[in-house]
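Enquirer: Sharing a structure below in structure tokens format, with a few things to ask.
Residue numbers (the UniProt record's numbering): 1 to 91.
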């Protein structure tokens, strides 16, 4: 059901779904509308219709919405939904 979705794990409180959409859709939604669902206080489930864009987003891995950084990874039924400690971030 959630195949092809990504988890955006925020390093702080998750912004609203509207804010995430407003900040990231211009970049991630060039080849189809993204969908954002909040799944916890610190995570959102995001659907990106373009396979190439989804791969690019995961390859970069570190993003920001409303001045809150997030790590993005593919959703899986066995994947973590809890915040992992941030080891390093690109500058």
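Where is the CB? At the ideal position from N, CA and C, for every residue including glycine. All of these numbers come straight from a predicted model, not from anything done at the bench.
So for residue 28, helix, strand or coil by DSSP?
Expert: If DSSP states are grouped into helix, strand and coil, residue 28 belongs with the helices.
Enquirer: Closest to residue 66 by C-alpha separation, out of 45, 6, 54 and 12, would be which residue?
Expert: Among 45, 6, 54 and 12, the Cα nearest to that of residue 66 is on 12.
Enquirer: For residue 54, which residues from the same chain have a beta carbon less than 6 Å from its beta carbon, with the 5 sequence-adjacent residues on both sides left out?
Expert: Cβ neighbours of residue 54 beyond the five flanking positions: 48.
Enquirer: Which residues in the same chain as residue 15 place their Cβ atom closer than 8 Å to its Cβ, once the five residues preceding and following it in sequence are excluded?
Expert: Correct list, in chain order: 23, 65, 66 and 68.
Enquirer: Which class does residue 56 belong to by DSSP, given the choice of helix, strand or coil?
Expert: Of the three classes helix, strand and coil, the one that applies to residue 56 here is helix, per DSSP.
Enquirer: Find the nearest neighbour of residue 5 within the set 17, 26, 30 and 58, judged by alpha-carbon distance.
Expert: Closest by alpha carbon: 58.
Enquirer: Is residue 39 helix, strand or coil by DSSP?
Expert: Of the three classes helix, strand and coil, the one that applies to residue 39 here is coil, per DSSP.
Enquirer: Please classify residue 31: is it buried, with 16 or more other beta-carbons within 10 angstroms of its beta-carbon, or exposed?
Expert: Classification for residue 31: exposed.
Enquirer: Taking the beta strand (DSSP E) that residue 68 falls in, what are its first and last residues?
Expert: Unbroken beta strand (DSSP E) run through residue 68: 68-74.
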